[in-house]
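Read through the structure below, which is laid out as C-alpha cells, and then see the notes.
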Amino acid sequence: MRTDTPVTLFLKDYTPPVWWVESVDLHVAIHDGHAEVRSRLHCTRNSVVADGAMVLNGEALELISLTLDGTALDADRYTYANNLLTIAGPLPDACVLESVVRIDPDNNTQLSGLFRSRDGYFTQCESEGFRRITFFPDRPDVMAKFSCTVEADLERFPHLLSNGNPVESGTCADDATRHLVRWEDPFAKPAYLFALVAAKLDVLEDETQTASGRRVRLAVYVEPGKLDQCSHAMAALKKAMRWDEQRFGLEYDLDQYMIVAVGDFNMGAMENKGLNIFNTKYVLARPDTATDADYQGIDRVVAHEYFHNWTGNRVTCRDWFQLSLKEGLTVFRDQEFGADTHSRAVTRIQEVRALRFGQFPEDAGPMAHPIQPASYAEISNFYTATVYNKGAEVIRMMHTLLGREGFRHGMDLYFERHDGQAVTCEDFVAAMQDASGVDLTQFRRWYARAGTPRLHAEGMWDATTKRYTLTLTQSLAPTAYEKRLTESGQAIVDGTLHIPVALGLVLPDGSDAA
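Heads up: the sequence shown begins at 1 in the UniProt record's numbering, then just goes up one per residue.
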C-alpha cells in the first residue's frame with residue numbers, strides 16, 4: 001500500500017533541467033523472472049542554469065553497476081534514495097553515464113514501465129513510467145535520441161519492437177536460442193514516448209506513400225488468431241495519414257508505423273513514436289462483433305494517436321502543466337478528421353453531448369480545474385475531460401476566431417518555430433496570434449479559468465429600421481478551483497471570457513435573411 005504523501009507541484013515553480021541528455025543507448029534483455037537493462041546516457045550540462053548535481057529518477061530498480069566516463073563510481077559518489085539517483089560533483093560539462101539495473105516486469109502490477117501481459121512484454125511510459133525501466137531525468141523537457149536493443153527468447157518472443165527504424169537483428173552470439181533487434185529513432189523525444197514490445201504476435205502489413213513520395217511500411221500486430229479483425233484499423237490509419245497531409249501539410253517521418261493491440265493495456269492507446277500501443281477495444285472489429293459506434297471509435301482513436309506524431313511528439317510539452325497543449329489540440333484534430341470522415345453534424349452533436357454529460361459536471365464539481373491548472377499533486381489524476389475535451393473546445397474557438405486559413409497559418413508557424421522542442425500552451429497561442437494578427441490577450445483567460453460560463457441572450461427586432469439587436473450577458477461564478485486558490489493565497493484570473501458567436505437570421509418562410 002502506498003503511504004507517502006504526494007508533493008504538490010506548482011506551474012510557477014518550473015525550472016529548466018540542470019542536465020540535458022543528448023542520446024540514450026539501451027539494451028533490454030528479457031529473462032525468466034527479470035529483465036536486465038543496460039543504459040548509456042550522453043549528458044551535457046545546461047549552461048543557462050546554476051551548476052548542480054546530476055539527479056535522475058529511478059523507481060523499483062535494482063542497481064547492479066554505475067560508471068561515469070568509463071570509471072566505476074564508488075559508493076560515496078552517489079546516493080540512491082527516495083526514487084532519486086544523485087551523483088555528486090565535480091562533474092565535467094559533458095559526460096557518459098552508464099548503468100546496469102535489474103527490474104521485475106512479471107510482477108509489475110502498476111502496468112507502468114515494462115510489464116508482462118499474458119505471454120508478452122509491453123511498456124507504458126506516460127507520464128512517469130520510464131523511471132521504472134532505467135535511471136533517467138524523467139521529465140518531458142529532456143528530449144534525447146534513443147537507440148534500443150531488445151533481447152529475448154527466440155521461440156517465445158519472435159517479435160521484438162521499439163521506436164524508430166530497425167537497423168540490426170540476429171541470434172545472440174553466446175546463445176542461439178535467443179535473438180536481438182536493434183532500433184534507432186532519429187528524432188529526439190522525451191522518455192515518456194519510449195516503447196518496447198516482446199511477444200509472439202500476428203501481423204497485418206501494408207504500405208503507403210507519403211505526399212513527397214516516401215514509402216512507409218504499416219503494421220498492425222495482434223494476438224494470434226485475431227488477424228481477421230484488423231482491416232478497419234489499418235484502413236483508418238491510412239485515411240488519417242492522408243488527411244493530415246491534406247489538411248495540415250504534415251507528413252509521416254519514419255520508415256514504418258506500427259500499432260500493437262494488447263488486451264489489458266491500461267490506457268485506451270498511447271502515441272509512442274512509431275510504435276503505438278493500443279487496447280484491443282480500439283483495434284479489433286468485424287461486422288459480427290462490432291457496432292457502428294465501435295468502428296467510429298477505432299477511426300477516431302487510431303487517427304488521434306497518429307496525429308500525435310506532430311502535435312505531441314515532434315513538438316511536445318515542456319512540463320505536465322502543458323498537457324492540454326498536446327491533448328486538447330490533438331482531440332480537436334481527431335474531431336475534425338471524424339467530421340470529414342463521417343457526418344459533420346452528427347459527430348458535432350456527439351461531441352457536445354459528451355462535453356455536457358462528462359465535462360460540465362467536472363467543472364461544476366469539487367475537482368473543478370482549468371485546462372492548465374496552477375498546481376497538481378498527482379499527474380495521473382490530470383488526464384481529465386477538462387484537459388482533453390474542454391481543451392479541444394478552446395482550440396476550436398481559436399479556429400473559429402481565426403478562420404480555417406488563419407488557423408492553418410498559425411499551425412504552420414507553430415511547427416516552424418518549435419519542431420523538435422518542448423514548449424508551452426503560451427507558445428501555441430503566441431504562434432496563432434502572430435500568424436493571424438488577431439489579439440488573443442483576452443482569449444488566454446480560458447487556460448487559467450475553471451467553470452462553465454453562462455450566457456444570457458436577449459434579442460430585439462426593430463421593424464421600422466429592420467435592425468436586429470442581440471445583447472449577450474456572461475456570468476461565471478467561482479468554482480471549487482478558485483476557492484482552493486484563494487485559500488492557498490494564489491492569484492485568480494478574473495474577467496470576461498472571449499467567446500466567438502456565430503449569428504444568422506431566419507425569415508418566417510425559413511429562408512436566410514440577406
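Even glycine gets a Cβ: it sits at the ideal position worked out from N, Cα and C.
Asked	Found
Delimiting residues of the alpha helix (DSSP H) encompassing V301	D292 to F307
Host alpha helix (DSSP H) of C425 (start-end)	C425 to S436
Cβ distance (whole Å) where A450 is taken to contact A374 below 8 Å	A450 to A374, Cβ: 10 Å. No contact.
Whole beta strand (DSSP E) elements within the segment 20-53, 3-residue minimum	34-45
Beta-carbon contacts of N272 that lie in its chain and below 8 Å, excluding the five residues immediately before and after	T123, C125, N163, L193, F194 and A195
Three-state secondary structure assigned by DSSP to W461	strand
Any 3 or more C-beta pairs closer than 8 Å across the segment 308-322 and the segment 135-151	yes
P190 versus D119, V24, T71 and Y306, residue with shortest Cα-Cα distance	V24
Where the beta strand (DSSP E) containing T341 begins and where it ends	Run containing T341: none in the beta strand (DSSP E); it sits in the alpha helix (DSSP H), L323 to T341.
Length of the line joining the Cα atoms of R156 and A199	7 Å
Unbroken alpha helix (DSSP H) run spanning A233, endpoints	S231 to F248
C-beta contact flag for S39 and F135 at 8 Å	yes
Exposure of S475, with buried meaning 16 or more beta-carbon neighbours within 10 Å	exposed
Where Y14 sits in the DSSP three-state scheme	coil
Whether A236 touches V220 by CB criterion (8 Å)	no
Sequence ranges, alpha helix (DSSP H) only - wholly within the UniProt domain "Aminopeptidase N-like N-terminal" (108-193), length at least 4	none
Sequence-distant residues of its chain with Cβ nearer than 8 Å to H308 (five each side left out)	E271, K326 and T330
Y388, DSSP secondary structure in three states	helix
Continuous beta strand (DSSP E) stretch holding A219: start and end	R215 to V222
Inter-residue spacing [alpha-carbon to alpha-carbon] between L472 and W461	15 Å
Secondary structure of T400, DSSP reduced to three states	helix
Closest residue to P370 among G58, A50, F321 and H27 (Cα-Cα distance)	F321
Residue environment, I349, which counts as buried when at least 16 other CB atoms sit within 10 Å	exposed
Opposing strand residues paired with Q209 [DSSP bridges]	R215
D138 burial status per 10 Å Cβ neighbour count (16 or more: buried)	buried
For N107 and F115, the rounded distance between their alpha carbons	7 Å
Simplified DSSP state of N279, which is helix, strand or coil	strand
Endpoints, beta strand (DSSP E) assigned at A94	A94 to I103
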